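Numbering (this note's numbering), first residue to last: 3 to 293.
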């Protein structure tokens, strides 16, 4: 839980720092570019945008199961875990008006993580009975390719709230599990003389082919050029997958992810060149000098 709180603080600090520093850059830096101004007749807020995004994520796994399908385990219960991941992809936005936009994102999301559970066991060490502990550990790699249809609402200048769905196809699902004696740390073995047992790995059986969930987020748009065609957007999202990661067991994956989106909208046309007058005035003949 401490790691989770630290990650939330880090993402929030990153978002605030990014907005502040990039705003300063936008206001104070000298940008060498075409000096054509945006014509007053063009409303850039109503132009469609397309671009890319990249996020780092904190994965939160909520679970209540004893073993994966077809995998032996004597673990009393896995109750959840966490891990790190990332997401990246492309985006398209279509403004309905200046406040409401329709969004579509498509990309890869990685939901790696681990779970562990400790179990007490009576051990005989140096001829004496004492309580020892061994740990059931489960590591896994999960990934999906998904689409996210969303709406965005402009709640303040340049600040948008996003909300919608995420539907994903599973791209990979692998696991590795092991049981290890952790207390006492310097002695004690299982029957085979080793401190570990039940080491298994492979593809997760019955992993859900589809992942369905909700996605919410916030983004702050920074205009990066005079034509207002290039936007840099620090953003923070929360994705809550409602479908289980594995069919038949209680295991859901959520992700908090933050990063940067780069958006482009077609710049306005340059102002029309000034045309010469149709009938330029003729030059008056020079008068002869006075005698």
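For every residue, glycine included, the Cβ atom is placed at its ideal position computed from N, Cα and C.
Since this is a predicted model, take the numbers as computed values, not measurements.
Cα separation between residue 184 and residue 54? Mapped onto the chain shown, residue 184 falls at position 182. Mapped onto the chain shown, residue 54 falls at position 52. A direct Cα-to-Cα measurement between residue 184 and residue 54 gives close to 45 Å.
Using the beta-carbon count (16 or more within 10 Å), is residue 257 buried or exposed? Here residue 257 refers to the residue found at position 255 of the chain shown. Of the residues assessed, residue 257 falls on the buried side of the cut-off, its CB having 16 or more other CB atoms within 10 angstroms.
Is residue 277 helix, strand or coil when you go by DSSP? As a working mapping, residue 277 is identified with position 275 in the chain shown. Three-state result, residue 277: coil.
Environment of residue 152 [buried if 16+ CB atoms lie within 10 Å]: Within the chain shown, numbered from 1, the residue matching residue 152 stands at position 150. Answer is buried; the Cβ neighbour count reaches 16.
Let me make sure I understand the geometry here. Which of 132, 116, 147, 58 has the alpha-carbon closest to that of residue 123? The residue you call residue 123 lines up with position 121 of the chain shown. With distances taken between Cα atoms, residue 123 lies closest to 132.
According to DSSP, is residue 70 part of a helix, a strand, or is it coil? For the purposes of this step, residue 70 is identified with residue 68 of the chain shown, where counting begins at 1. Look at residue 70 here: in three-state DSSP terms it is coil, with no helix or strand label.
How is the beta strand (DSSP E) around residue 149 delimited, first residue to last? Stepping through the chain shown from its first residue, residue 149 is reached at position 147. That run of the beta strand (DSSP E) goes 130–158.
Buried/exposed call for residue 273, threshold 16 Cβ in 10 Å: Residue 273 sits at position 271 when you count from the first residue of the chain shown. By the 10 Å Cβ count, residue 273 comes out exposed.
Residues in the same chain with beta-carbon distance under 8 Å from residue 361, minus the five sequence neighbours each way, listed in chain order, please. Since the first and last residues shown for the chain are 3 and 293, residue 361 lies out of range.
Quick one: what does DSSP say residue 47 is sitting in, helix, strand or coil? Looking up residue 47 in the chain shown gives position 45. When DSSP states are grouped into helix, strand and coil, residue 47 belongs to the helix group.
For residue 226, I'd like the list of residues in its chain whose CB is within less than 6 Å of its CB, leaving aside the five on either flank, ordered along the chain. In the chain shown, residue 226 corresponds to position 224, counting from 1. Cβ neighbours of residue 226 within its own chain (closer than 6 Å, five residues either side excluded): 232, 234.
Among 144, 265, 187, the one whose alpha carbon lies nearest that of residue 137: Locating residue 137 in the chain shown gives position 135, where the first residue counts as 1. Comparing Cα-Cα distances from residue 137 to each of 144, 265, 187, the minimum goes to 187.
Residue 210 to residue 193 span [Cα, whole Å]: On the chain shown, residue 210 is found 208 positions in, with the first residue counted as 1. On the chain shown, residue 193 is found 191 positions in, with the first residue counted as 1. Their Cα atoms are separated by approximately 37 Å.
Residue 228 versus residue 242: straight-line alpha-carbon distance, rounded: For this step, residue 228 is matched to residue 226 along the chain shown. For this step, residue 242 is matched to residue 240 along the chain shown. Each residue's Cα considered, the two are about 38 Å apart.
Look at the alpha carbon of residue 89 and the alpha carbon of residue 144, and state the distance between them as a whole number of angstroms. By one-based count along the chain shown, residue 89 stands at place 87. By one-based count along the chain shown, residue 144 stands at place 142. When rounded, the distance between both Cα atoms is 12 Å.
If you count every other CB in all the chains shown that lies within 10 Å of the CB of residue 76, and 16 or more means buried, which is it? Along the chain shown, one-based indexing puts residue 76 at 74. Residue environment for residue 76: exposed (fewer than 16 other C-beta atoms within 10 angstroms of its C-beta).
Which of helix, strand or coil does DSSP assign to residue 186? Taking the chain shown and counting its residues from 1, the one referred to as residue 186 is at position 184. Of the three classes helix, strand and coil, the one that applies to residue 186 here is coil, per DSSP.
To the nearest angstrom, how far is the alpha carbon of residue 98 from that of residue 181? Taking the first residue of the chain shown as position 1, residue 98 is located at position 96. Taking the first residue of the chain shown as position 1, residue 181 is located at position 179. So the two alpha carbons sit approximately 56 Å from each other.
By how many angstroms is the C-alpha of residue 206 removed from the C-alpha of residue 191? Mapped onto the chain shown, residue 191 falls at position 189. Mapped onto the chain shown, residue 206 falls at position 204. Note on geometry: alpha-carbon atoms of residue 191 and residue 206 lie some 29 Å from one another.
Reference residue 268; option with closest CA among 176, 56, 96, 168: Working through the chain shown from its first residue, we reach residue 268 at position 266. Measuring from the Cα of residue 268, the nearest candidate turns out to be 96.
Range covered by the beta strand (DSSP E) that runs through residue 207: Locating residue 207 in the chain shown gives position 205, counting from the first residue. Here residue 207 belongs to no beta strand (DSSP E), and DSSP marks it neither H nor E.
Let me make sure I understand the geometry here. Which of 174, 198, 271, 248 has the alpha-carbon closest to that of residue 112? As a first step, residue 112 is located in the chain shown; it is residue number 110 there, counting from the start. Looking at the Cα atoms, 174 is the closest of the given residues.
By a C-beta neighbour count over all protein chains shown, 10 Å radius and 16 as the cutoff for buried, is residue 27 buried or exposed? Looking up residue 27 in the chain shown gives position 25. Any reading at residue 27 needs caution, since the residue's pLDDT is 44, under 50, leaving its predicted position unreliable; the model's value is listed next. It counts as exposed.
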